[in-house]
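Residue numbers (my numbering), protein chains in the order written: chain L, 91 to 388; chain R, 72 to 370. A virtual CB, placed ideally from N, CA and C, is assigned to each residue, including glycine. Encoded as structure tokens, the structure appears first; notes follow it.
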């Protein structure tokens with residue numbers, strides 16, 4: 091179609107103009123409120139920037155300080171723990187639950203899918219405050235149930251104890267993270283090519299073999315997507331921490347996201363906060379790339 | 072025969088476990104709703120009441136008698152003009168703010184994303200691939216890292232502490248464009264060609280040919296945007312400060328920080344936030360599920 095015909099060139103120009111005209115409203119918002127702040131985030135990370143005075147260029151100063159900041163490294167470690175626990179757990183849990191419910195009769199499949207999605211729809215704040223109550227030292231049901239079942243001898247201050255706080259946060263995060271993966275896996279399992287499964291069953295393959303040899307490879311793209319979104323979500327866990335522990339006790343639940351918030355919006359160290367944001371973005375980008383690579387080579 | 076028995080056993084066992092898990096997942100919501108109707112005594116009792124012995128509205132009464140605020144206060148962007156409504160409990164104001172925020176975000180997102188997604192899928196122009204890769208990259212990055220620059224941008228635009236500071240970035244988030252593009256790719260080229268031969272202009276072609284075909288995608292996007300903006304918290308926390316401007320999520324967070332152990336009151340607030348959005352979710356569940364799965368197809 092590479093022609094110099096004036097008509098087709100006019101057509102191409104018309105197409106370009108129309109394309110951009112349709113894109114324009116969206117582009118204004120996208121460039122103005124996503125791309126521009128992203129660029130600004132990178133630029134500001136090289137400045138000592140606060141509310142009170144003009145920004146001072148410090149080069150890599152913020153980044154240098156970052157890797158000597160013990161609290162940041164602590165936050166990095168906690169974030170790594172959250173991601174390392176929640177990502178595999180979410181994937182395995184949601185795959186197993188989906189494999190049980192995907193071929194149930196309607197309306198049962200829909201009902202279960204809805205229930206597992208409920209914590210996501212309920213909203214992070216509403217979910218967080220009810221868990222705060224359930225974990226409460228005096229009025230919480232965990233202490234009550236634990237004592238009734240003979241598992242606990244005395245009340246535990248779940249969220250105020252360094253040994254348990256992070257575990258509690260992860261538990262709540264898990265309940266709000268499996269909803270979307272389950273929806274995705276159910277649809278992926280329903281789309282598996284049934285003729286292949288039937289052929290394998292005729293050949294005498296067990297259910298388990300069918301699963302690993304046929305279904306697993308077909309739901310691989312879904313698994314990859316779930317890995318990526320769960321990783322991003324776990325990195326961004328914020329409301330839980332801000333409302334439940336504020337990073338405490340003794341920094342045991344500090345995460346990068348919370349530490350960014352603390353530095354930028356409590357201490358007003360914008361430049362420093364932005365540097366952390368850039369580091370976080372780089373970590374997530376690298377992890378996503380690694381996950382893609384691994385999935386491709388499988 | 073033996074394997075059949077074993078698979079039957081597994082089926083029963085796994086179903087039982089899933090039922091138990093489902094109960095555990097539904098429990099927090101149950102606890103929010105029943106808790107909001109419990110008496111102070113029942114909430115602070117050593118042994119929890121699994122089913123409230125006495126149903127009272129005290130918590131809701133306290134919630135609504137706390138602070139007052141005008142029901143609405145429409146700031147016209149970029150000016151200092153405002154239109155205010157009658158003075159009512161602040162919790163209702165938070166609810167109106169949230170509804171306004173979620174509906175406006177939803178409408179703006181749907182209109183802009185429908186047009187942009189269509190153009191990216193069906194128009195051939197220079198810079199198209201570049202733009203699309205920019206969108207995909209932006210989506211993979213954590214949304215929250217742009218909050219600090221956004222705060223300063225909004226202050227500079229005089230939008231800080233207005234609901235628009237929350238709405239505009241939601242509309243800018245490119246997930247919607249990405250989702251609609253997936254749907255728009257299914258529009259047959261011949262149909263567009265036919266419309267063109269019939270003399271329809273670009274806009275007419277979009278409205279009469281493309282729009283009907285991407286309708287399910289728009290439905291999915293609408294419900295998805297509505298729910299996620301309703302439940303978003305971090306951006307609202309950064310952008311909104313004065314009592315009158317809070318959303319319901321912020322309102323409960325505020326309740327919680329001011330009355331940290333009055334769990335009945337906090338649960339009443341949580342119910343007020345959760346029940347409307349859960350109702351919306353249950354009504355439009357089908358579209359919502361479709362939106363999630365379509366977004367993932369080529370993710």
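Relative to the C-alpha of residue i, which candidate in the options has its C-alpha closest?
i             : options                       : result
residue 126/R : 240/R, 110/R, 137/R and 183/R : 110/R
residue 278/L : 214/L, 129/L, 141/L and 301/L : 301/L
residue 91/R  : 175/L, 110/L, 205/L and 344/L : 205/L
residue 332/R : 334/L, 177/L, 380/L and 382/L : 334/L
residue 167/L : 226/L, 256/L, 200/L and 218/L : 256/L
residue 349/R : 266/L, 370/L, 273/L and 213/L : 213/L
residue 224/L : 250/R, 115/R, 168/R and 225/R : 115/R
residue 378/R : 218/L, 291/L and 246/L        : Absent from the model: residue 378/R. The displayed extent of chain R is 72 to 370, so no value can be given.
residue 107/L : 199/R, 304/R and 307/R        : 199/R
residue 77/R  : 247/L, 337/L, 297/L and 323/L : 297/L
residue 362/L : 100/L, 157/L and 114/L        : 157/L
residue 185/L : 280/L, 262/L, 287/L and 358/L : 280/L
residue 310/R : 131/R, 322/R, 226/R and 246/R : 226/R
residue 319/L : 144/L, 145/L and 173/L        : 173/L
residue 124/R : 112/R, 223/R and 134/R        : 112/R
residue 172/R : 355/R, 300/R and 84/R         : 300/R
residue 351/L : 381/L, 239/L and 367/L        : 367/L
residue 130/R : 175/R, 104/R and 108/R        : 108/R
Less than 8 Å separating the beta-carbons of residue i and residue j?
i             : j             : result
residue 161/R : residue 194/R : no
residue 124/L : residue 243/R : yes
residue 264/L : residue 179/L : yes
residue 242/L : residue 250/L : no
residue 232/L : residue 190/R : no
residue 282/L : residue 308/L : yes
residue 325/L : residue 348/L : no
residue 102/R : residue 220/L : yes
residue 338/R : residue 188/R : no
residue 258/R : residue 362/R : no
residue 288/R : residue 365/R : yes
Mind checking who residue i pairs with in its DSSP beta bridge?
i             : result
residue 123/R : Note: residue 123/R sits in no beta bridge, so no partner.
residue 109/R : The partner list for residue 109/R (beta bridge, DSSP) is empty, contrary to what the question assumes.
residue 146/L : 138/L
Helix, strand or coil, according to DSSP, for residue i in the structure here?
i             : result
residue 138/L : strand
residue 162/L : helix
residue 206/R : helix
residue 196/R : coil
residue 160/R : strand
residue 214/R : helix
residue 139/R : strand
residue 317/R : coil
residue 77/R  : helix
residue 370/R : In this predicted model, residue 370/R has a pLDDT of only 41, less than 50, meaning its place in the structure is not dependable; the value taken from the coordinates is given anyway. Coil at residue 370/R, not helix or strand.
residue 326/L : coil
residue 93/L  : Low confidence applies to residue 93/L: its pLDDT is 47, below 50, so where it sits in the model is not reliable enough to give any reading.
residue 285/R : helix
residue 203/L : helix
residue 194/L : coil
residue 242/R : helix
residue 273/R : helix
residue 250/R : helix
residue 364/R : helix
residue 234/R : coil
residue 168/R : helix
residue 341/R : helix
Just checking my contact of residue i with residue j at CB under 8 Å: how many whole Å lie between their CB atoms?
i             : j             : result
residue 177/R : residue 296/R : 5 Å
residue 202/L : residue 191/L : 5 Å
residue 219/R : residue 354/L : 5 Å
residue 196/R : residue 110/L : 7 Å
residue 168/R : residue 314/R : Not a contact, Cβ separation roughly 11 Å.
residue 159/L : residue 148/L : At roughly 15 Å, the Cβ-Cβ gap does not stay under 8 Å, so residue 159/L and residue 148/L are not in contact.
Item to complete: Check distances from the C-beta atoms of the segment 289-306 of chain R to those of chain C and list, in chain order, the residues that come in under 9 Å.
Response: This model lacks chain C altogether; the protein chains it does include are L and R.
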